[in-house]
Each structure stands twice: as C-alpha cells, then as structure tokens.
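Contents: one structure, followed by commentary.
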Amino acid sequence: MIADLSFADLLLLVQDGDGKYVVAEQCRPSTVMTLRAEDVVGNVMPDDMVGELDAAMLSSVVFRSTVLRTVGKATVCNVYAPVRHNGKTLGLVVRETNMATRESNGRYESESINAGKHLYEMIPRGQFPYKDSVMSQRHIARVADGLIILTMDGVVRYAAPNAISCFRRLGLLTTMPGHYLSELGTQLLKENDPVPETLPLVLTGKAAVDSELNANRSAVSMRSLPLYDNNGRIGAILLCRDVTELRRREQELQTKDATISEIHHRVKNNLQAVSALLRLQARKTKSDEVKKELQEAQRRVQTIAMVHEGLSQTADEVVDFDKVIANLLRMAVDLATMKDQHIDINYMGKFGMMPAQDATPLSLVLTELITNSVEHGFEGRKDGHITISVGRSGPNLNVVVEDDGSGLGSEEQGGLARSSGSGLGTQIINTFVTNDFGGSVHWEPRREGGTRVVLDMKLRAAQDE
C-alpha cells in the first residue's frame, strides 16, 4: 500500500545476533518501475549505512537520511520508519525513493505521495498497520484501481480519474470534490436497496474496512484507510475498483451450478422412476430367472441414481464418494442377502472427493463386486463379513475387496472368477476397470479363506487436472 502510494520500494530491516542489519522483507511498487528487480531478502546492508541506521533505530519518529545514494542507475533518498513495540524499536521500514519520481509531478502523483507519506509516518506511532482492520472482500481495490482522498469530515478532497470512472458507472452525474462521499453514495441507492453494514464506515473513512456499492447494474468494491496524526483522525484514503464484470461472472457460475444440480436432481428422479418400474415388473413376473435379472437391473439403476443424488447436493461436479459408497454398499448387501442372512460390511481408507465421470462407473464396479460376494461367497450361509480397503495417491487408486465366504472354488479360472448368471457383472467390472480406468482386476483366494479381489486403477478426472 505505502509502496504504491509513494512510488517507492520498501525494505524491512532487522538486526541479527551480530548487530548487522539484514533485509527481512521487501515490497516493490506496482505503480512505478521498481528500483530492485532482484530479490534482496537475506542481504546484509553495507557498512557505510550502519551509522544512519543506528541513528534511525534510536529515533521515535521518521528519520530522513541526508545522503543521496545510488541504486542501479537511480539516485535514491532513504527514509526510515522505526517499528516500535512497548517502547522498543524492533526494526526499520526503509522507503527508497527514486528522485526521478519527484520531478514534474501532477495532481494525482502529489496527492498519492502525500497520502503515502501520512501512512508511513503512522508506523512509528503504531497506527499502521491497523490493529482492527477488517478486509472481507475478494478482489480488494488497489491504488491504481481508483484513489479518493477524504477530509476528516468525509468530504472528497481529491478523486483520481479511475475513481471518478467507477462512480460514473454507478450512475453518479455530479462532480465528486467538495461533496460528502456518504451523500454521493446514498444518492446512488434506490429505496429498499440492501446496504452492507460496513458501507457507511467506508464512505466516511472512519474505519479500516471494506465494502461494496451496487447501483446502476454495476458493482464497485471499496476500501477505506483512515489517516491519523498525534491528535487523532485527520482524513482517509479510499480505494475503489470496478468489479462489475467479476460479479457478473460469479453470478453466471452460480446459475450454471444451480442448473447442473437441478439436472442431476431430475436425472435421479427419472432413474428412481425406472427403478420402481423394474421392481414392480419383477414382482409381477412368474419366472424366477426373469425376476432375478430384473432385480439386478433395478439395483444397477438405483446405484447410478444414488450417485446423481450426491451430485445434486453439491455446487460443482464433485461428490464426496465416501458418503455415497456407504449407502450404496449397504443397499447392495440388503438386496443380495436372503431373509435369514446377516452380512457385515465395512471399509478402511478414504476415496475422497470424486467427479461424476469417475464416481458413476466406480460405484457400479463396487456394487457388482459386493453383490457377487454375497450371492456366491455366502450362498447357504447365515452370516459373513466383507472388507473394502482403499488406498489413493493422486490419480492412482487401489481397492481390495475381501470376504470370508466359501472362496473361488470351481469358479476360479486363470485368476479370474466367473460371475453368476449371464456373467454381466464380471463384464461390467472388467469393462469399467480396464477400459475406463486403464487398470486391472485380479481375483485370488484369501489366505484365511474366502475371496480377495484387487483393483488397480487410474482416475480419469485426476489425469485431466
């Protein structure tokens, strides 16, 4: 802030254990070419400056050097502001002023430099940076965006061209200098327009806060910086920035997110309707084989519906897969078990957030594996246990599904088990894992008895990031 207002580079100096002055931080101005293109943090100040640095450390006010120095090809005048706490000087803020920036200045440059000088002189008194500064807005205004200087009473003493343009976009037709900024802002608001709580404080310059003024289908972000001397507040700096286009884009994104959520909600409702029709048809059919196929189809449709339900509740195309899969796995077990069976299922690790293009096929793969375990691994048994272990590192996902059922047995063939019925379950698993995720599926006997399935996959969405 001070660097931009003063058109000067700033250095923060502290003393090390040997008493040498070291550059702890540096700040380049964005309103003029910097004196120091290189990073000087960590550098030790030259010995010929130690005398005036020591004198500045003993001062309780801004200390001005009487010697002009050369930085690069520029002639520089240094000013030092002691950083004090509880009566002790902790360091120095050095303002390196290129003397060329003080030649033939116009009104804007003079007002900006004077405002920066006031802020700089507040440092030794502990008045800047502000203790209770509240900055809540994104895209906070900077000096180059629009500068307004207020008197102690809140009257506009100076308004830079960019600041005037901001208020013109808000619908202001009168001149700004000589008027109370709070009155100018009030004129722009219509009856019943919402007014941010901090707006009056910003327009009067009484507190270090930010706010936003919306009028004439435009939006301007504002930030006030009160100025103080030894006797109290003497005025304020107000920075403003036209954020109309930024707010318009944010509104478009919100509308897009709402539309996407609504689409997922409607897809979920339609899929649930299809699931209900399949369930009804399964109840009416007399063929056990047809009934089983319809129930499997109903389960798969319901799986996809639950993923879309999760997507409909978020603002973007990402779903918390751990929440979705917990419900899916319980549903898969409930649909596949017999009335007198009790199958426990749990998983270790976390899948994390996942986009729809990965969540939908992965949910189908896992429900098919669970269904296969329940229907064939625990056939004829009243209880059992299934464990899912998850390991994820970036795009790489490893999932191990284990059950303590009867094992592969006669179904084991070349490291790949056959699914029941038509084998559609195995086809779904292999197709999604190998084709969609570029991974592999390996079925093997579990040491303690049962079946162990290892999935190694690479998430597609993660590859696109």
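Going by my numbering, the sequence shown opens with residue 1, and the numbers climb by one from there. By construction, the Cβ of each residue, glycine as well, lies at the ideal position given by its N, Cα and C atoms.
Bridge partner(s) assigned by DSSP for residue i
i    : result
M353 : D320
I149 : Y158 and I237
F63  : Y80
V400 : S389 and V454
T70  : T75
K382 : For K382, which the question treats as bridged, DSSP gives no partner whatsoever.
H308 : Looking at the DSSP assignment, H308 forms no beta bridge with any residue, so it has no partner.
S440 : D456
I345 : I386
H85  : K88
V44  : V22
S468 : In the structure as shown, the chain starts at 1 and stops at 465, and residue 468 therefore has no counterpart that could be examined.
Y120 : None; Y120 has no bridge partner.
Helix, strand or coil at residue i according to DSSP, with G and I counted as helix
i    : result
A417 : Here the model assigns A417 a pLDDT of 44, short of 50, so the residue's position is not dependable, and the following value carries that caveat. In this structure, A417 counts as strand in the three-state DSSP scheme.
N98  : strand
V76  : strand
D340 : coil
N230 : coil
G171 : coil
R447 : coil
T360 : helix
T223 : According to the sequence provided, residue 223 is Arg. The question's Thr does not apply to it. In the structure shown, R223 sits in a strand (DSSP, three-state: E or B).
E212 : strand
L408 : coil
D54  : helix
L90  : strand
P374 : In the sequence on display, residue 374 carries Val and not Pro. Here V374 sits in helix by DSSP.
L134 : The sequence given here places Val at residue 134; Leu does not occur at that position. Residue state, collapsed to three classes: strand.
D39  : coil
D334 : helix
D193 : coil
Cβ-Cβ separation, residue j to residue i (assumed contact under 8 Å), whole Å
i    : j    : result
G205 : A236 : 2 Å
M152 : R223 : Not really, about 19 Å apart at Cβ, beyond 8 Å.
M348 : L397 : Contact flag wrong, Cβ pair sits at about 14 Å.
E96  : V76  : 5 Å
G146 : R241 : 6 Å
T367 : A332 : 4 Å
L53  : L13  : 7 Å
L328 : S363 : 5 Å
M353 : V324 : The pair is not a contact, with the Cβ atoms about 11 Å apart (cut-off 8 Å).
Distance cut-off 7 Å: residue i Cβ against heavy atoms of the ligand PLP
i    : result
V156 : No copy of the ligand PLP appears in this structure; indeed no ligand is present at all.
Chain D within 8 Å of residue i, Cβ atoms only
i   : result
L90 : Looking for chain D here will not work: only one protein chain is present.
Run through the segment 3-31 for me and flag every whole beta strand (DSSP E) of 3 or more residues, listed as ranges in chain order.
Secondary structure remark: continuous beta strand (DSSP E) runs of at least 3 residues inside the segment 3-31, in chain order: 9-15 and 21-27.
Any contact of the segment 93-111 with the segment 146-164, i.e. 3+ C-beta pairs under 8 Å?
Result yes; three or more Cβ-Cβ pairs closer than 8 Å.
Any chance the segment 96-105 sits against the segment 116-133, with 3 or more Cβ pairs inside 8 Å?
Counting Cβ pairs under 8 Å, fewer than three are found: no touch.
Could you tell me whether the segment 368-378 touches the segment 435-455, using the rule of 3 or more Cβ pairs below 8 Å?
The segment 368-378 makes contact with the segment 435-455: 3 or more CB pairs, one atom from each, lie closer than 8 Å.
Segment contact, 8 Å Cβ cut-off, at least three pairs: the segment 165-174 with the segment 213-223:
Contact holds: three or more Cβ-Cβ distances are below 8 Å.
Between the segment 347-361 and the segment 288-295, do at least 3 Cβ pairs fall closer than 8 Å?
Using a C-beta cut-off of 8 Å, the segment 347-361 makes no contact with the segment 288-295, since fewer than three inter-stretch Cβ pairs fall below that distance.
Quick one: any contact between the segment 29-40 and the segment 59-68, if contact means 3 or more CB pairs under 8 Å?
They do not touch, by the three-pair rule.
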